[in-house]
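Note sheet for the following structure.
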Amino acid sequence: LSYHNKLNNHWPSHDSPELRIVLIGGRELTGEPSNKSLSGNIILGQNVFDTSRRTAQSVVGQQEVHGRRVTVVDTPGWWWHYPLENTPKLDQIEIQNSVHLCPPGPHVQDLLEKIEEMWAGNENSHYEVDPDREAQLEARKEAEGKLARRIRKTTERQSRILGKLFEGNQKIIK
């Protein structure tokens with residue numbers, strides 16, 4: 001899967017009339033969803049994306065949120081636990097072409113990951129860091145390959161920007 005950074009060079013300000021987001025994420029071997037569709041519904045404040053099944057084709061949702069036209073593209077996922085080359089070709093094409101569904105291109109490409117148990121011990125008494133967690137994350141990063149690392153690096157920056165854009169708009173995350 002080749003990746004072409006189609007992101008605009010100008011990030012929208014708080015006063016910008018629109019925001020375009022592409023949601024990217026993986027599939028779990030257990031069949032659990034990555035919750036991209038749910039995240040899109042939360043961002044848009046309504047049930048636009050079907051959360052009962054896997055996204056096979058990219059889907060576009062649009063809604064006015066706090067006076068801003070927000071466009072969200074939900075994409076098919078790839079298998080987290082295998083090289084990206086094992087992702088079906090049609091899914092690769094859908095993910096790659098998703099940027100064209102919100103012309104002239106997304107302001108944000110957001111990589112959604114499953115958050116696993118990060119703490120060990122009894123919640124009611126204390127927290128302690130799982131010493132194996134960092135090693136597990138490093139091994140996973142290596143397994144994801146160059147594309148996923150490039151997407152992760154890009155989306156970490158863009159997620160911080162997205163957070164700033166929605167700062168103070170608590171209704172979005174209800």
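Quick note: the sequence shown uses the UniProt record's numbering, first residue 1, plus one each step.
Every residue, glycine too, gets a C-beta built ideally from N, C-alpha and C.
Remember, predicted model here, so these are calculated numbers, not experimental data.
Residue pairing from DSSP leaves Trp80 without any beta-bridge partner. Three or more Cβ pairs closer than 8 Å define a contact, and the region 78 to 96 meets that threshold against the region 23 to 34.
Under the DSSP assignment, Glu32 falls outside any beta strand (DSSP E); it carries neither an H nor an E label.
Apart from the 5 residues on each side of it in sequence, Pro17 sits with its Cβ closer than 7 Å to the Cβ of Arg68 and Arg69 in its chain, given in chain order. Within the same chain, Ile21, Leu23, Gly40, Ile43, Leu44 and Gly61 come within 7 Å of Val72 by CB-CB distance, once the 5 residues on both sides are set aside.
As a beta-bridge residue in DSSP terms, Thr71 pairs with Arg20 and Gln62. Under DSSP, Val108 forms a beta bridge with Ile21.
Gly40 sits in a helix when the DSSP states are folded into three classes. Inclusion of Glu94 and Ser52 in the CB contact set at 8 Å is not warranted, their separation being larger than that value.
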